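Protein chains: 2
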Amino acid sequence: MFLQYAAMTFDKSASAGYLANHMARLFARGLRARIEPLGLTVGQFPVMLELWEGDGLTQKELRVRLDIEQATIANTLNRMERDGLIRRTRNEGDARVQRVWLTERARTLRAPAYAAATAQNAAALASLTEAERARFLHDMERVIASMQESEGG
Amino acid sequence: MFLQYAAMTFDKSASAGYLANHMARLFARGLRARIEPLGLTVGQFPVMLELWEGDGLTQKELRVRLDIEQATIANTLNRMERDGLIRRTRNEGDARVQRVWLTERARTLRAPAYAAATAQNAAALASLTEAERARFLHDMERVIASMQESEGG
DNA sequence: TTATGTAGCATAGCTTGCTATGTTTTTGCA
DNA sequence: TGCAAAAACATAGCAAGCTATGCTACATAA
Numbered sequence: 001m002f003l004q005y006a007a008m009t010f011d012k013s014a015s016a017g018y019l020a021n022h023m024a025r026l027f028a029r030g031l032r033a034r035i036e037p038l039g040l041t042v043g044q045f046p047v048m049l050e051l052w053e054g055d056g057l058t059q060k061e062l063r064v065r066l067d068i069e070q071a072t073i074a075n076t077l078n079r080m081e082r083d084g085l086i087r088r089t090r091n092e093g094d095a096r097v098q099r100v101w102l103t104e105r106a107r108t109l110r111a112p113a114y115a116a117a118t119a120q121n122a123a124a125l126a127s128l129t130e131a132e133r134a135r136f137l138h139d140m141e142r143v144i145a146s147m148q149e150s151e152g153g
Numbered sequence: 154m155f156l157q158y159a160a161m162t163f164d165k166s167a168s169a170g171y172l173a174n175h176m177a178r179l180f181a182r183g184l185r186a187r188i189e190p191l192g193l194t195v196g197q198f199p200v201m202l203e204l205w206e207g208d209g210l211t212q213k214e215l216r217v218r219l220d221i222e223q224a225t226i227a228n229t230l231n232r233m234e235r236d237g238l239i240r241r242t243r244n245e246g247d248a249r250v251q252r253v254w255l256t257e258r259a260r261t262l263r264a265p266a267y268a269a270a271t272a273q274n275a276a277a278l279a280s281l282t283e284a285e286r287a288r289f290l291h292d293m294e295r296v297i298a299s300m301q302e303s304e305g306g
């Protein structure tokens, strides 16, 4: 009886995938509201994080570091170039490769963007203690690692 | 010095929002691969979970339960009707309201869809103990609740 | 050297999320 | 009763994710 019951129900609030999706949408909503005044979008944000740490990266380097598909990064870079956040140059020595550079405007956004992301993270983690936050981040990393493994092999 | 350093850097692997987004994308990739043979998509899946528990819900009821925007659920329902998963009827008594009903085909997908979601959750949580999983799900619910609060007020 | 394969990027077309806005029906109040 | 506000849903248009496919440049092997 119990097994049959278990097979016929699915508690969404006990589903990691369901909760992860909901949590990520709420993070995106909050961050979107905070960075919209800066002229940034939530998809551009992770690219900016990489480039603020050091630009001149190739499209492939961004794709690998951010773990997104090649077509996704290509389209995001198109919008970022359109919006005046980046410029792209061809690589000498290998004409297939392009390098991505921040514009001056993009550089000025760094501090307020960090502040926006930090504020959103703080709001999200408000009810957790410092120890619980560290543990929670670590658990997310473990879950990410598990899915990356089951993806690759 | 330390504060200045902290203000000028942003460790993405220490950012809850960054990790939540990455984790949710990996969940979606895995679930997409598992339910694609069933003719279901990741956006339709949460709607199906609600309807399998009892159909005849209104669009507004789905919107509130799933915490997505009205336009999003409207478009998802359009695709589900197109794909033969649901039918919509007008509510007697209030012509503005519609009720959503599963088709026979949609009902047959319940067991294999539950199995797919369960398998994806298991793969994701493989490296966590049973106690850690429970704690992790609970922490996600707390984080979700915090963001919903800061949204509403 | 030439043919074949691979690497890097672009493009087409889809889903799923969002905001903004329009339409119709119902409600509520003067 | 009639009119304004609100409620429920539809639609337009954008961002960001995906798969599939195409193009060009480079590498490699016969």
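Protein chains in written order, with the numbering used here: chain A, 1 to 153; chain B, 154 to 306.
Even for Gly, the Cβ is constructed at its ideal location relative to N, Cα and C.
Everything numeric in this text was worked out from a predicted model, so none of it was measured.
Check                                                                                                                                                                       : Outcome
Going along chain B in order, which residues have a C-beta closer than 8 Å to the C-beta of residue 120/A?                                                                  : 170
Pop quiz: residue 237/B and residue 261/B are said to be a contact at Cβ under 8 Å. What is the actual Cβ separation, rounded to whole angstroms?                           : The Cβ separation is near 12 Å, so there is no contact.
Give me the subset of the segment 188-202 of chain B whose CB atoms are less than 9 Å from a CB atom of chain A, sorted by chain position.                                  : 195, 198, 199 and 202
Taking the alpha-carbon positions, what's the residue 146/A to residue 49/A distance?                                                                                       : 24 Å
Which residues of chain B have a Cβ atom closer than 7 Å to the Cβ of residue 137/A, listed in chain order?                                                                 : 167, 169 and 172
In its own chain, which residues sit with a C-beta less than 7 Å from the C-beta of residue 265/B, not counting the 5 before and 5 after it?                                : 191
Are the segment 175-187 of chain B and the segment 205-218 of chain B touching, with three or more C-beta to C-beta distances below 8 Å?                                    : no
What in chain A is Cβ-close to residue 226/B, meaning under 7 Å?                                                                                                            : What residue 226/B touches in chain A: nothing, since even the nearest Cβ is about 13 Å away.
So, with DSSP's three-state summary, where would you put residue 64/A?                                                                                                      : helix
Report the rounded CA-to-CA distance for residue 187/B versus residue 195/B, giving the unit in angstroms.                                                                  : 10 Å
Taking buried to mean at least 16 other C-beta atoms within 10 Å of its own C-beta, is residue 286/B buried or exposed?                                                     : buried
Compile a chain-ordered list of the residues in the segment 225-257 of chain B whose CB is closer than 9 Å to at least one CB of chain A.                                   : none
Residue 198/B: which of 172/B, 217/B and 233/B sits nearest, CA to CA?                                                                                                      : 233/B
Could you give the residue range of the beta strand (DSSP E) that holds residue 252/B?                                                                                      : 251-255
When the Cα atoms are used, what is the spatial distance from residue 90/A to residue 99/A?                                                                                 : 6 Å
Would DSSP call residue 210/B helix, strand or coil?                                                                                                                        : strand
Of all the residues that make up the segment 54-73 of chain A, which are near chain B by a beta-carbon distance shorter than 8 Å?                                           : 67 and 68
Can you have a look at residue 101/A and say buried or exposed, based on whether 16 or more other CB atoms are within 10 angstroms of its CB?                               : exposed
Would you kindly report the start and end of the unbroken beta strand (DSSP E) that includes residue 89/A?                                                                  : 86-90
With contact counted as at least three CB pairs below 8 Å, one residue from each stretch, are the segment 164-182 of chain B and the segment 121-137 of chain A in contact? : yes
With residue 220/B and residue 22/A assumed to form a contact (beta carbons below 8 Å), what rounded beta-carbon distance in angstroms separates them?                      : 6 Å
Residues of chain B with CB closer than 7 Å to the CB of residue 31/A, please, in chain order.                                                                              : 170
At the level of alpha carbons, what is the spacing between residue 74/A and residue 217/B?                                                                                  : 35 Å
What does the Cβ neighbour count give for residue 70/A, buried or exposed, with the cut at 16 atoms within 10 Å?                                                            : exposed
Is residue 46/A a contact residue of the ligand NAP, with contact defined as CB to any heavy atom under 7 Å?                                                                : The ligand NAP is absent from the structure shown, which contains no ligands of any kind.
Do residue 179/B and residue 86/A come within 8 Å of each other at the CB atom, strictly closer than that value?                                                            : no
Using a threshold of 8 Å, state whether the C-beta atoms of residue 20/A and residue 177/B are closer than that.                                                            : yes
Under three-state DSSP, which class holds residue 222/B?                                                                                                                    : coil
Please identify the residue among 92/A, 137/A, 82/A and 88/A whose C-alpha is closest to the C-alpha of residue 40/A.                                                       : 82/A
Determine the chain B residues that contact residue 117/A at a beta-carbon separation under 7 Å, and present them in chain order.                                           : 163, 168 and 170
Can you tell me which of 258/B, 248/B, 163/B and 272/B puts its alpha carbon nearest to the alpha carbon of residue 10/A?                                                   : 272/B
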